[in-house]
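Read through the structure below, which is laid out as structure tokens, and then see the notes.
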Amino acid sequence: MSLSIDDVQRIAKLARIRVNEAEAAGYQTQLNGIFGLIEAMQAVDTTGVEPMSHAQDLSQRLRADAVTEPDRRQAFQAVAPQTEDGLYLVPKVIE
Amino acid sequence: MQWETVIGLEVHTQLTTQSKIFSGASIAFGAAPNTQACQVDIALPGVLPVLNKGAVERAIRFGLAIGAKLNRTNVFARKNYFYPDLPKGYQISQYELPIVEGGHLSIQVGDAEKTIRITRAHLEEDAGKSLHEDFHGMTGIDLNRAGTPLLEIVSEPDMRSAKEAVAYARALHTLVTWIGICDGNMQEGSFRVDANVSVRPVGQKEFGTRREIKNLNSFRFLEQAIDYEVRWQIERIEDGHKIQQATVLFNPDTGETRAMRSKEDAHDYRYFPDPDLLPVKLDEAWIEQVKAGLPELPEQKQARYRERFGLSAYDAGTLTASRAMAEYFEAVLAALPARGENAKLAANWIMGDLSAALNKAELDIAANRIPAKQLAGLLARIQDGTLSGKLAKQVFEAMWNEGGEADAIIEAKGLKQVSDAGAIEPLIDEVLAANPKSVEEFRSGKEKAFNALVGQVMKASKGKANPAQVNELLRKKLG
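So the protein sequences, as listed, match chains P and A. The numbering of the first sequence is our numbering, which starts it at 16 and goes up by one. The numbering of the second sequence is our numbering, which starts it at 29 and goes up by one.
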């Protein structure tokens, strides 16, 4: 499998990353390199090996259901670009 | 052409935890914007999610209640999409290994019973809220809801009409509130329904192309939206068009569904296991402990009411429409002697006069004015013959309007049924003396004349004489 320039642009768009033509060509080469590695790995016989969902062989620790976080809105909003009536303001998203 | 409707539902139930699924912020409804959004919920760099045990426990409870398989190892995944009320840029959900797989729920439509299969139920976090009105062309973001624990319950496409879809949604609503994992408050968005709807010619095996109606927050809207959508799809196809897969919204004001403007990449979520969260393991001891804490479930109660009390499927279904209803019914029974025989009487009063009064006052059974013990007191007076059916209704009305115990009401209003032969006999003598013609007719074999005489005696007693006793004494006198 190899990625086209259009694939790279589409991935960039989904990730909301602006990529110019020169950069896209660079990413295309790098990403295709990664796909090459994956292809090589797929040659390994994995019969009987359970798929792994995490690199560490541990299980998730659980937290007791309790409210432990105080309201820190003021501190958080002090570094936000724009707020009003307690809301974070962002460029309009509805079309 | 005859068309068949195919419906599957996806229901988002908000879980009844205190705190969020991955942080210790509160999920209480109605707080001022962003006062319940901590560093994890607003996705500050470097924060890590820590899974709430209470959310996992509720998912286990649900899985056990629908007879599902619980995945002893289940995995959280990232569902990637861009929207400002999702500050991480992805929603933590479950994809390939959800916590609950399979299971089923029985529904009743008219006299027919049907089993709806459940595909899966997975844990995920809710997003925040976007407010589009009047912020100088900007959008306001409230992240209080971000990170609220949800269990998304996905059914198989097993429903064939809007009525069946509503019956399933109601049965699911009853179950999740019954086992206490969701408060069921649809106005506050605690129980939100998405309906996948398609049509196909009757007899065709393959499904038609489906459209998904999003975010229905009442059973009435669910039914209206599906009915409209089905008519629309059939018309489109009959006019020679093809149905395009789409997400649509229902407008309650017009009763119509309308396609949302779809972005080309909207459904490319690029799921992958979340490296911030390890696989969740459920151990047997925990599952057993949750199982032991489950209450008797609606389906089990229905079976018991039918077998042990001889109630009809309809009665058993109505009495288990909510846990509060079933508990009330059982409390009334417990307060009456010889429980088995009283079940039908109690069921009739609860489903009849009491439900009518509750409906009229727009009250839920949980806000019922008549405590179970008081209703039992009234029923006991019917059983021991103190009250006729007619008098009992008067006592009930007084009890509903003014409160008080049945005995006190009977006493105060003089509603006691007269079962004293010494009091009834003089009335009978009077009636017989005044109606020689009826007596004559009865003696010549006319049974109708007897009923007329009973009626006269009842009238003379102002409705208070025990009808059975009047019958008996009258026959004795005439015989």
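Glycine is no exception: its CB is placed at the ideal position from the N, C-alpha and C atoms.
Cβ neighbour criterion (16 or more within 10 Å) applied to residue i
{"i": "A:Leu325", "result": "buried"}
{"i": "A:Tyr333", "result": "buried"}
{"i": "A:His150", "result": "buried"}
{"i": "A:His201", "result": "buried"}
{"i": "A:Ala287", "result": "exposed"}
{"i": "A:Ile33", "result": "It is Thr, not Ile, that sits at residue 33 of chain A in the sequence shown. The residue is buried, with at least 16 neighbouring Cβ atoms inside 10 Å."}
{"i": "A:Phe50", "result": "buried"}
{"i": "A:Lys233", "result": "exposed"}
{"i": "A:Leu76", "result": "exposed"}
{"i": "P:Thr44", "result": "exposed"}
Cutoff 8 Å; reference residue i; Cβ partners in own chain excluding five residues on either side
{"i": "A:Asn99", "result": "Leu125, Pro126, Ile127, Val128, Glu129, Leu310"}
{"i": "P:Tyr103", "result": "Gln92, Ala95, Gln97"}
Coil, strand or helix - residue i by DSSP
{"i": "A:Lys11", "result": "The shown model of chain A, from 29 to 507, leaves out residue 11 of chain A, and the question about it has no answer."}
{"i": "A:Val78", "result": "coil"}
{"i": "A:Lys157", "result": "strand"}
{"i": "P:Arg76", "result": "coil"}
{"i": "P:Tyr103", "result": "strand"}
{"i": "A:Gly450", "result": "helix"}
{"i": "A:Gly380", "result": "helix"}
{"i": "A:Thr282", "result": "coil"}
{"i": "A:Ser466", "result": "helix"}
{"i": "A:Glu458", "result": "helix"}
{"i": "A:Asp14", "result": "Look at the range of chain A in this structure, 29 to 507, and you will see that residue 14 of chain A is not part of it."}
{"i": "P:Ala93", "result": "helix"}
{"i": "A:Met29", "result": "coil"}
{"i": "A:Glu390", "result": "coil"}
{"i": "A:Gln252", "result": "helix"}
{"i": "A:Asn494", "result": "coil"}
{"i": "A:Asn108", "result": "strand"}
{"i": "A:Val194", "result": "helix"}
{"i": "P:Val64", "result": "coil"}
{"i": "A:Gly165", "result": "coil"}
{"i": "A:Asn62", "result": "coil"}
{"i": "A:Gln119", "result": "strand"}
{"i": "A:Asn370", "result": "helix"}
{"i": "A:Met187", "result": "strand"}
{"i": "A:Val308", "result": "strand"}
{"i": "A:Gly131", "result": "coil"}
Inter-residue Cα distance where the pair is residue i and residue j
{"i": "A:Ile262", "j": "A:His269", "result": "10 Å"}
{"i": "A:Pro399", "j": "A:Phe247", "result": "29 Å"}
{"i": "A:Ile456", "j": "A:Leu501", "result": "8 Å"}
{"i": "A:Glu335", "j": "A:Ala344", "result": "10 Å"}
{"i": "A:Ala193", "j": "A:Arg145", "result": "12 Å"}
{"i": "A:Gln402", "j": "A:Glu439", "result": "15 Å"}
{"i": "A:Glu180", "j": "A:Leu364", "result": "42 Å"}
{"i": "A:Thr348", "j": "A:Asn243", "result": "27 Å"}
{"i": "A:Asn62", "j": "A:Arg173", "result": "9 Å"}
{"i": "A:Gly175", "j": "A:Tyr118", "result": "12 Å"}
{"i": "A:Asn102", "j": "A:Pro307", "result": "6 Å"}
{"i": "A:Met486", "j": "A:Asp412", "result": "19 Å"}
{"i": "A:Phe300", "j": "A:Ser350", "result": "39 Å"}
{"i": "A:Ala40", "j": "P:Ala37", "result": "Residue 40 of chain A is actually His in this sequence, not Ala. Roughly 44 Å separates the two Cα atoms."}
{"i": "A:Ala320", "j": "A:Ala93", "result": "12 Å"}
{"i": "A:Tyr297", "j": "A:Ile265", "result": "30 Å"}
{"i": "A:Leu203", "j": "A:Gly338", "result": "23 Å"}
{"i": "A:Ala352", "j": "A:Ala394", "result": "6 Å"}
{"i": "A:Leu159", "j": "P:Arg78", "result": "32 Å"}
{"i": "A:Gln67", "j": "A:Ser134", "result": "43 Å"}
{"i": "A:Ala223", "j": "A:Ile410", "result": "48 Å"}
Chain-order list of residues whose beta-carbon lies under 6 Å from that of residue i (same chain, five-residue window excluded)
{"i": "P:Gln92", "result": "Thr98"}
{"i": "A:Gln484", "result": "Val459"}
{"i": "A:Ala274", "result": "Arg239, Ala287"}
{"i": "P:Ser74", "result": "none"}
{"i": "A:Val137", "result": "Lys191, Glu192, Ala195"}
{"i": "A:Asp154", "result": "Arg173, Thr176, Leu178"}
{"i": "A:Val230", "result": "Gln30, Glu32"}
Own chain, CB closer than 7 Å to residue i, minus 5 neighbours either side, in chain order
{"i": "A:Arg198", "result": "Phe247"}
{"i": "A:Val498", "result": "Ile452, Val482, Val485, Met486"}
{"i": "A:Leu361", "result": "Arg367, Asn370, Ala371, Ala374"}
Tell me whether the region 78-88 of chain P and the region 53-71 of chain A touch, counting them as touching only if at least three CB pairs, one residue from each stretch, are closer than 8 Å. yes
Using 8 Å as the threshold, is the region 489-507 of chain A in touch with the region 442-458 of chain A, meaning 3 or more CB pairs across them? yes
Taking three-plus beta-carbon pairs below 8 Å as touching, is the region 452-471 of chain A in contact with the region 420-435 of chain A? no
Below 8 Å, can you find three or more Cβ-Cβ pairs linking the region 275-289 of chain A to the region 251-259 of chain A? yes
Indicate whether the contact test is met: 3 or more Cβ pairs, each with one atom in the region 74-90 of chain A and one in the region 313-320 of chain A, closer than 8 Å. yes
Count the C-beta pairs between the region 370-390 of chain A and the region 350-360 of chain A that are closer than 8 Å, then say yes if the count reaches three, no if not. yes
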